[in-house]
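Residue numbers (the working numbering), protein chains in the order written: chain A, 1328 to 1926; chain B, 2 to 352.
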Amino acid sequence: MKPTDTSDPQHYHRVVDCQFGCPAHTDVPHYIRQIAQGQFTEAYLENRKSNVFPGILGRVCDRPCEPACRRGRIDEKPVAICRLKRVAADLSDDIRDRLPQKGESNGKRVALVGAGCASLTVANDLLPLGYDLVMFEQHAVPGGLMRTNIPSFRLPPEVLDDEINLIVERGVDLRLNTRIDSMKELLNEGFDAVFVGTGAPKGKDLDLPGRHDTDRIHIGIDWLESVAFEHRDSIGERVLIIGVGNTAMDCCRTSLRLGGTDVKVMARKPRGWFKASEWELEDAEEENVEILVNHSPKEFVVENGKLIGMKFDKMEYEIDDDGNLSRGEVVSEEFIPCDDVILAIGQDNAFPWIERDLDMEFNKWDAPEVDRNNYQSTVPGVFFGGDAAWGPENIIWAVEHGHQAAISIHKHCSGEDIDDRLPRGMNLLSTKMGIHEWSFSNDFDGSPRTQMQHVDLTERFKKISVEVELGFDPEQAAREVERCLNCDVQTVFAEKLCIECDACIDICPVLCLTITENGEEDDLRGRLSAPAENKDQVLYVSDELPQTKRVMVKDEDLCVHCGLCAERCPTGAWDMRKSRLLVPFAVDEAKSTEERKAG
Amino acid sequence: MSYIKKPKISHPGLPRNAIGLTLRDYEGSMSTLCAGCGHDSVSAAIIQAYFDLSIEPHRVAKISGIGCSSKTPTYFLGGAHGFNSVHGRMPSIATGANAANREMQYIGVSGDGDSLSIGLGQFGHAIRRNINMMYVIENNGVYGLTKGQFSASADVGSTAKKGEANPYQPIDPVSMAISLGCSFVARGFSGDKEHLVPLLKAAITHPGFALLDVISPCVTFNDHEGSTKSYEFMRENERATVYADFIPNHEEITASSEPGGLETITMHDGSRIRLRRVAQDYDPGNRAQAFSHVEECSRAGEIATGLLYLDTGVAEMHELAGTTEDSLSSLDYSRLNPGNEALAKLQQRWR
């Protein structure tokens, strides 16, 4: 293999699994250390820089960081990253005076359609640059799907209001109860750019016999919205939820709070093929929701205009050697009685309000063609982000879309090439403070993952707004932060200094180092101190070592960043250096433009 | 010296040996030697060798004297017995322990100071008695623990850290052991575990006194230009003679693992040492040739390594002394101590 190019920011970025897994690239180990030091406000700001809504995401993020967390490969359970984010939000001081104020008007007007997480992020990024932002929202409150589709027992409205206000109150012209019904009219209003962040508001229907013979069959996201706006405060005792994604989990738990006593989630496939996150399934099952597997919906049974139940095909599946599920075979039919059915089988974006004669290309799913890199539609100056761009994802993806779209909007309004974007950078700073002293807590802490405390089952059903998770108290947070392996503190190797004494190899607790003859990657992976079987994790390969011309190879997969290799190195060939990924935002692009102009 | 302990976690795919232990079960406490010390590498090789041989740590006794090297038994085989004795007196303790319990495995760890200066007499007599033990000399040419004075193994003309040259003739433990008729003489290099581990395994299994001289650079006082025991000097001047691959008796030899040109020596327990010659005409069974080879290399400024001399025909201490088959600890008290009457009877024989 060729020597690894560590000057490419991507190499060390990939080592920080959580940050690499996060669409917005939040510097997780950095803010976890800030929490460890009691700097909750700084931790909040660090989060806010990339993910904009730490209080919201600390409760309801899809957490791609946690399955990615290296700790999960070392001792099963990842660090409770999401919960720690909430700690930062819960314990942070007011940060209003630390946010940039709206810049002096640059005379450019931008329309933001929808007041959800994507549009709000665009607003957050463009405000300091002096844009005049007009945000249109069809409902009487901002927040989009965060407001309408996430029940208040998971995300209290006050948290939502607070983090939205942090953006809006700095000078966004938020027009509530203002539905945009025509893109053409909007474009005629002379905005310099338009951003569409209208989400994926159309729940999928299930057209089976009996579907239209009763009013007790509900579309999940519409039903959740009507609950959120208090248009609906009851449901029948026996409820069937069709589908087993995260919306289904919200539907079943909301049903329990509106009068449901026998709530069943009906899954077509076996466990392991559910779309819902593992922790959302756990939370639902803790509330005694029953999840029935291998039931494929067949018919809604309506008698005398009253829904009495549903018929299902009972399925049997086979799993092949590659772990793929067969198409399934119907083995029997089953009738399950119920009073209400909630359909939670997916959602789509929908654009009935965009005229099709605008030179805007639409794809085969009847959604606008949007460029994956610059978020622009085929109409220059019209950008898309969040679920509106490529269908349903999650909040954290919408935030990242918002950041990227903001850059495009700024470039578009400044007359620059929207594809000429700043590259990412990487800073490395030694953490060495003295002999065997590092500016991070390098000792491995074997504590198990801290359990989140929940409100008692009897208490939580009294009111829909009782938040179930209590959050970590400072002691729990102090324990959990120590579980972080500080993957951002990189083992940086200087081959010129190596005398091949093997000290680092002997001391490494997880056998990730080897000095050996170079070879092709597959060959090399097989003859390391421990075989490097996880190909998702990169190998570091040094240049030739001075004495024997062999190479130092490090398998990054299981490194616990204990720093013992650097402590044991007699020549300082290994150093522990903190890496900091530099992700450009709109404000950085603006600064760089200014600098270029100033020469 | 390290302030944090090696974390108690391990690679999830860590292999287990025939008795179900992992490599980490053979570790000891955290080393307090200098970072990069060759001795830590030797400890790691010893850990690997005992792991590979599937020896239960509690069946091993680690005995040492005084010095950096003699501290190292603490850093491997935490579950083994240990005795840290007086300077240079490790062989006496090993002899006594071995006499009392011949069922244990004995490893003596010593250094060039402990064995070639203060303990030279004891070293020679342990060889003479052919005690069944592995005797490892971690040889770095300096007294590291007292700030780097030349030791008895320092070569003439090699320089100390500040530049002064050594005027005295070195004592070479390998030549000395061959001349004393030691039944197993080998030399390794701490920076080359690939060859050190098989040598250790062969030495552990050898039924008699196995001397393993390991050149183990002192990073603090003897790893500079002008040293003949530095990592760099060894890498340039090591002359591998015979590589020994050790095959435990439970492993079958198959045609594919028995390439031509190799010589296999079967040990008393059925395990085998396979010799791979680098020098084609070298015969490790020929004592005169072994001696002259080491001598020639030395004159050429090279260090001969590998399994240099092996004689499986020499009787070990218990055989020579005609002692009881069982360990003394397993004898019942009446046999172990036949009483005053028996003693009087015995004394009567010499009146």
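Beta carbons: idealized from backbone N, C-alpha and C, even for Gly.
**Separation of A:F1820 from A:L1670, as counted between CA atoms** = As a first step, residue 1670 of chain A is located in the first sequence; it is residue number 343 there, counting from the start. As a first step, residue 1820 of chain A is located in the first sequence; it is residue number 493 there, counting from the start. If I take the Cα positions, the gap works out to 55 Å.
**Asked** Along chain B, which residues have their Cβ under 7 Å away from the Cβ of A:V1878?
**Response** Start at 1 with the first residue of the first sequence, and residue 1878 of chain A comes out as number 551. Near A:V1878 there are no residues of chain B at all, since even the closest Cβ is about 15 Å away, more than 7 Å.
**Request:** Could you name the residues of chain A that B:R236 contacts, counting a contact when the two beta carbons are closer than 8 Å?
**Result:** The sequence position of residue 236 of chain B within the second sequence is 235, counting from 1. What B:R236 touches in chain A: E1827, Q1874, T1875.
**Prompt:** Can you list, in chain order, the residues of its chain whose CB lies under 8 Å from that of A:D1332, leaving out five sequence neighbours each side?
**Reply:** Locating residue 1332 of chain A in the first sequence gives position 5, where the first residue counts as 1. Excluding sequence neighbours, A:D1332 sits near H1338.
**Asked** How should A:W1901 be labelled, buried or exposed, when 16 other C-beta atoms within 10 angstroms of its C-beta is the threshold for buried?
**Response** Numbered from its first residue, the first sequence carries residue 1901 of chain A at position 574. When all chains shown are included, A:W1901 counts as buried.
**Message:** My output table needs one value for B:Y107: the three-state DSSP class, helix, strand or coil.
**Reply:** If you number the second sequence from 1, residue 107 of chain B lands on position 106. It is a strand residue.
**Request:** Flag this pair as touching only if the stretch 1606–1624 of chain A and the stretch 1584–1597 of chain A have three or more C-beta atom pairs under 8 Å; answer yes or no.
**Result:** yes
**Request:** Tell me, please, whether the CB atom of A:E1871 is closer than 8 Å to any CB atom in chain B?
**Result:** Within the first sequence, numbered from 1, the residue matching residue 1871 of chain A stands at position 544. No, because no Cβ of chain B sits closer than 8 Å to the Cβ of A:E1871.
**Item:** A:M1642 and A:V1628 closer than 8 Å at C-beta
**Value:** Counted from its first residue, the first sequence places residue 1642 of chain A at position 315. Counted from its first residue, the first sequence places residue 1628 of chain A at position 301. Result no, Cβ atoms of A:M1642 and A:V1628 do not sit closer than 8 Å.
**Request:** Closer than 8 Å by beta-carbon distance: list the chain B residues that pair up with A:R1895, in chain order.
**Result:** Locating residue 1895 of chain A in the first sequence gives position 568, where the first residue counts as 1. Result: S3, A36, G37, D41.
**Asked** When the distance is taken between beta carbons, is A:G1457 closer than 8 Å to A:E1431?
**Response** Translated into positions along the first sequence, residue 1431 of chain A becomes position 104. Translated into positions along the first sequence, residue 1457 of chain A becomes position 130. Going by C-beta atoms, A:E1431 is nearer than 8 Å to A:G1457.
**Prompt:** Do the CB positions of A:P1873 and A:K1823 come within less than 8 Å of each other?
**Reply:** Counting from 1 along the first sequence, the entry for residue 1873 of chain A is found at position 546. Counting from 1 along the first sequence, the entry for residue 1823 of chain A is found at position 496. Cβ atoms of A:P1873 and A:K1823: closer than 8 Å.
**Prompt:** For the alpha helix (DSSP H) that contains B:P218, what are its first and last residues?
**Reply:** Along the second sequence, read from residue 1 onward, the residue named residue 218 of chain B stands at position 217. B:P218 -> no alpha helix (DSSP H), and no H or E assigned at all.
**Item:** Min CB distance B:H12 to chain A below 8 Å
**Value:** In the second sequence, counting from the first residue as 1, residue 12 of chain B sits at position 11. Yes, B:H12 lies at the interface with chain A (some Cβ there is under 8 Å from its Cβ).
**Request:** Reducing DSSP to helix, strand and coil, say where A:M1903 ends up.
**Result:** The residue given as residue 1903 of chain A occupies position 576 in the first sequence. Residue state, collapsed to three classes: strand.
**Message:** By the 8 Å beta-carbon criterion, what residues does the stretch 175–193 of chain B contribute toward chain A?
**Reply:** S191, G192
**Prompt:** What distance in whole Å lies between the Cβ atoms of A:F1522 and A:L1439, which are believed to be in contact at a cut-off of 8 Å?
**Reply:** The residue labelled residue 1439 of chain A in the question sits at position 112 within the first sequence. The residue labelled residue 1522 of chain A in the question sits at position 195 within the first sequence. Between A:F1522 and A:L1439 the Cβ distance is about 5 Å, and since that is below 8 Å, they are a contact.
**Message:** For a quick check, are the C-beta atoms of B:A245 and B:A305 less than 8 Å apart?
**Reply:** Here residue 245 of chain B refers to the residue found at position 244 when the second sequence is read from its first residue. Here residue 305 of chain B refers to the residue found at position 304 when the second sequence is read from its first residue. The answer is no: Cβ separation not under 8 Å.
**Message:** Could you check whether the Cβ of A:P1455 sits closer than 8 Å to any Cβ belonging to chain B?
**Reply:** Numbered from its first residue, the first sequence carries residue 1455 of chain A at position 128. Closer than 8 Å: no.
**Asked** Under 8 Å, do A:P1350 and A:P1405 count as touching if we go by C-beta distance?
**Response** Taking the first sequence and counting its residues from 1, one reaches residue 1350 of chain A at position 23. Taking the first sequence and counting its residues from 1, one reaches residue 1405 of chain A at position 78. Cβ distance not < 8 Å, so A:P1350 and A:P1405 don't count as in contact.
**Request:** Alpha carbon to alpha carbon, how far is A:E1605 from A:G1348? Give it in angstroms, no decimals.
**Result:** Locating residue 1348 of chain A in the first sequence gives position 21, where the first residue counts as 1. Locating residue 1605 of chain A in the first sequence gives position 278, where the first residue counts as 1. Approximately 17 Å, taken between the alpha carbons.
**Prompt:** What residues from the stretch 1766–1796 of chain A come within 7 Å of chain B, judged by C-beta to C-beta, listed N to C?
**Reply:** N1769, D1770, F1771, G1773
**Asked** Taking just the CA atoms, how far does B:I67 sit from B:S328?
**Response** If you number the second sequence from 1, residue 328 of chain B lands on position 327. If you number the second sequence from 1, residue 67 of chain B lands on position 66. Using only the alpha carbons, I get a separation of about 28 Å.
**Message:** Can you pull out the residues from the stretch 1727–1754 of chain A whose beta carbon lies closer than 9 Å to at least one beta carbon of chain B?
**Reply:** none
**Asked** Near A:F1380, what residues of its chain come up, given a Cβ to Cβ distance below 6 Å and the 5 sequence neighbours on each side ignored?
**Response** Along the first sequence, read from residue 1 onward, the residue named residue 1380 of chain A stands at position 53. The answer, listed in chain order, is E1490.
**Message:** Residues of chain B with CB closer than 8 Å to the CB of A:V1837, please, in chain order.
**Reply:** The sequence position of residue 1837 of chain A within the first sequence is 510, counting from 1. Simply I10, S11, H12.
**Asked** If you draw a straight line from the alpha carbon of A:D1424 to that of A:C1444, how long is it in whole angstroms?
**Response** The residue labelled residue 1424 of chain A in the question sits at position 97 within the first sequence. The residue labelled residue 1444 of chain A in the question sits at position 117 within the first sequence. Spanning the two alpha carbons is a distance of roughly 22 Å.
**Item:** Ranges of the beta strand (DSSP E) found wholly within the stretch 1663–1705 of chain A, counting only runs of at least 3
**Value:** 1667–1670
**Prompt:** Does any C-beta atom of chain A lie closer than 8 Å to the C-beta of B:S258?
**Reply:** Residue numbering aside, residue 258 of chain B sits at position 257 when the second sequence is read from its first letter. Caution applies to B:S258, whose pLDDT of 37 falls short of 50 and renders its modelled position unreliable; the value that the coordinates give is listed next. Judged by the 8 Å Cβ criterion, B:S258 is not in contact with chain A.
**Prompt:** Counting contacts by CB-CB distance shorter than 8 Å, is A:A1830 in contact with chain B?
**Reply:** By one-based count along the first sequence, residue 1830 of chain A stands at place 503. So yes, A:A1830 belongs to the interface.
**Request:** Starting from B:E233, find everything on chain A with Cβ-Cβ shorter than 8 Å and list it in chain order.
**Result:** Taking the first residue of the second sequence as 1, we reach residue 233 of chain B at position 232. In chain order: I1826, Q1874.
**Prompt:** Looking only at C-alpha atoms, which of B:D113, B:I132, B:G14 sits nearest to B:I205?
**Reply:** For the purposes of this step, residue 205 of chain B is taken as the residue at position 204 of the second sequence. Here the closest residue by C-alpha is B:I132.
**Nearest-angstrom Cα separation, counted from A:E1661 out to A:V1631** = Locating residue 1631 of chain A in the first sequence gives position 304, where the first residue counts as 1. Locating residue 1661 of chain A in the first sequence gives position 334, where the first residue counts as 1. The displayed chain sequence assigns Asn, not Val, to residue 1631 of chain A. So the two alpha carbons sit approximately 21 Å from each other.
**Request:** Please compile the residues from chain B whose C-beta is within a distance smaller than 8 Å of the C-beta of A:H1888.
**Result:** To locate residue 1888 of chain A, count along the first sequence from 1; it is residue 561. What A:H1888 touches in chain B: nothing, since even the nearest Cβ is about 10 Å away.
**Request:** Taking B:A62 as the reference, give the member of B:H82, B:P74, B:G227 with the closest Cα.
**Result:** What you label residue 62 of chain B is simply residue 61 of the second sequence in a count that begins at 1. Comparing Cα-Cα distances from B:A62 to each of B:H82, B:P74, B:G227, the minimum goes to B:H82.
**Asked** Is it true that the CB of A:L1866 sits closer than 8 Å to the CB of A:P1336?
**Response** Along the first sequence, one-based indexing puts residue 1336 of chain A at 9. Along the first sequence, one-based indexing puts residue 1866 of chain A at 539. No, the Cβ-Cβ distance between A:P1336 and A:L1866 is not below 8 Å.
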